[in-house]
Amino acid sequence: MGNCGVSGNTVYGDMTVNMRSAVGNRSVFNTTGKTIRVYYDDKKMQPGDIMTKGAGKLAFKEDSSIPYICILENDCFSFGGAGISYACIYLEGSSNECEKTISENYEVPSEKSFIVTADLTIKFQKAGASTWEDEDGVKYGQQS
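Following numbering that gives the first Met the number 0, the numbering of the sequence shown begins with 0 at its first residue and continues without gaps.
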């Protein structure tokens, strides 16, 4: 199970969540260098439920019913759920725009945490690691 081990705040919709108080059986850690937006659900999501096209760019729907979290650089978020969860991960641009799609419907097994890296790849956290270390032994972000 992931342990954020990072102080700081993450934006969730219109509120801020202190990451030390977030709970869940899996975590996502952002080392991209930018803010990411992660939508998560226990079933696969349709891009049309998350995005809208306007002025030639993709923008996040303000009225989406799918839960999401905006995670700042070198911060993380924990989320729960039994069984498999799916995550749609986007690099945030300005003015509620999507700068880049990192992954859609990324399958996250229960009790499995993952890292979104600077090169926009997704790596699972090494089993039993107390820090943000991927399965290849590479460590990311601030280490406690």
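Note that the Cβ used here is the ideal one computed from N, Cα and C, for glycine as well.
Next on the checklist: Residues in the same chain with beta-carbon distance under 8 angstroms from E134, minus the five sequence neighbours each way, listed in chain order, please.
Outcome noted: Here residue 134 corresponds to residue number 135 of the sequence shown, with the count starting at 1. Hits under 8 angstroms: K122, F123, Q124, K125, A126.
Next on the checklist: Rounded to the nearest angstrom, what separates E91 and S112 at their Cα positions?
Outcome noted: The residue given as residue 91 occupies position 92 in the sequence shown. The residue given as residue 112 occupies position 113 in the sequence shown. If you take the alpha carbons of E91 and S112, they lie about 21 angstroms apart.
Next on the checklist: Short of 8 angstroms in beta carbon distance, which residues of its chain neighbour I83, apart from the five on each side in sequence? Order them along the chain.
Outcome noted: Counted from its first residue, the sequence shown places residue 83 at position 84. So the list reads D41, E106, V107, P108, S109, once near-sequence residues are dropped.
Next on the checklist: Suppose you measure from the CA of Y85 to the CA of E61; what does that come to, to the nearest Å?
Outcome noted: Within the sequence shown, the letter at position 86 stands for residue 85. Within the sequence shown, the letter at position 62 stands for residue 61. When rounded, the distance between both Cα atoms is 20 angstroms.
Item to check | Contact check, V137 vs V27, beta carbons under 8 angstroms | outcome: What you label residue 137 is simply residue 138 of the sequence shown in a count that begins at 1. What you label residue 27 is simply residue 28 of the sequence shown in a count that begins at 1. Against a cut-off of 8 angstroms, the Cβ pair of V27 and V137 comes out as no contact.
Checklist entry - Just the Cα atoms here: how many angstroms apart are C146 and T100? => result The first residue shown for the chain is 0 and the last is 143, placing residue 146 beyond what the model contains.
Item to check | Residues of its chain near P148, where Cβ-Cβ distance is below 8 angstroms and the 5 sequence neighbours each way are ignored | outcome: This structure leaves residue 148 out entirely; the chain is present only between 0 and 143.
Checklist entry - If we ignore side chains and look at the alpha-carbon of each, how far apart do K52 and A58 end up? => result Numbered from its first residue, the sequence shown carries residue 52 at position 53. Numbered from its first residue, the sequence shown carries residue 58 at position 59. K52 and A58: Cα-Cα distance of roughly 6 angstroms.
Next on the checklist: Given a cut-off of 8 angstroms on the beta-carbon distance, is the pair K201 and E72 in contact?
Outcome noted: The chain is shown only over 0 to 143; residue 201 falls outside these bounds and no answer can be derived.
Item to check | Assigned exposure category for D74 - 16 Cβ within 10 Å defines buried | outcome: As a first step, residue 74 must be located in the sequence shown, where it is residue number 75. By the neighbour-count rule (16 or more Cβ atoms within 10 Å), D74 is buried.
Checklist entry - With distances taken between CB atoms, is the gap from Y39 to P66 smaller than 8 angstroms? => result The residue you call residue 39 lines up with position 40 of the sequence shown. The residue you call residue 66 lines up with position 67 of the sequence shown. In this structure, P66 lies closer than 8 angstroms to Y39 by Cβ.
Next on the checklist: DSSP has A86 in a bridge; who is on the other side?
Outcome noted: Numbered from its first residue, the sequence shown carries residue 86 at position 87. According to DSSP, A86 bridges with Y39, Y105.
Checklist entry - Helix, strand or coil for G47 per DSSP? => result For the purposes of this step, residue 47 is identified with residue 48 of the sequence shown, where counting begins at 1. Looking at G47 - three-state DSSP - the assignment turns out to be helix.
Checklist entry - Between S63 and Y139, what straight-line distance do the alpha-carbon atoms span, to the nearest angstrom? => result Position 64 of the sequence shown holds residue 63. Position 140 of the sequence shown holds residue 139. Using only the alpha carbons, I get a separation of about 31 angstroms.
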